[in-house]
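Residue numbers (this note's numbering): 102 to 265.
In this text, a Cβ means the ideal position worked out from N, Cα and C, and glycines have one as well.
All remarks here apply to the structure that follows.
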């Protein structure tokens, strides 16, 4: 099978976001400071490793479809959907929010192109499903660092009202 221009463009769009996620993840990894530094530092390594693996898997899928992946820095910078990562040291709490935002942005773009990809190439769509699953899991795990527990809803009385 040979990818149409639309399929190649959709996969390229995901590719640049995954490359940027890897690069920004490394920047976060190097610049994070503060409470729970070590845990977040190590968790960022996991995200970075998977982003790199996903990038390679997608680029190789593109080549199998005779599409040409473009991972050059100027292409990534010009076309990514991820916001820029701030310069300098970043507190762990802020890093959690920034990384979660970038994971969500990558997933949002994958979801945006998914149906068109699935229509032309269900195999590529299956690959995207795996990316979504893992990136959403990371977003949950990272964002949990800044969450406070939800209060359980008040239980309704088990006896009918007015009876003793």
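- In the DSSP assignment, residue 213 falls within the alpha helix (DSSP H) that extends over 193–221.
- Spanning the alpha carbons of residue 186 and residue 257 requires a straight line of approximately 47 Å.
- Within the model, the alpha-carbon separation for residue 255 versus residue 248 is close to 21 Å.
- Closest option to residue 182, judged by alpha-carbon separation, among 125, 104, 240, 109: 125.
- Closest in C-alpha terms to residue 192, from the list 122, 129, 240, 116, comes 129.
- Using a Cβ distance threshold of 9 Å, residue 104 and residue 168 count as a contacting pair.
- Following the DSSP letters along the chain, one finds residue 156 inside the alpha helix (DSSP H) bounded by residues 138–165.
- Cα atoms of residue 195 and residue 162: separation of roughly 35 Å, rounded to the nearest angstrom.
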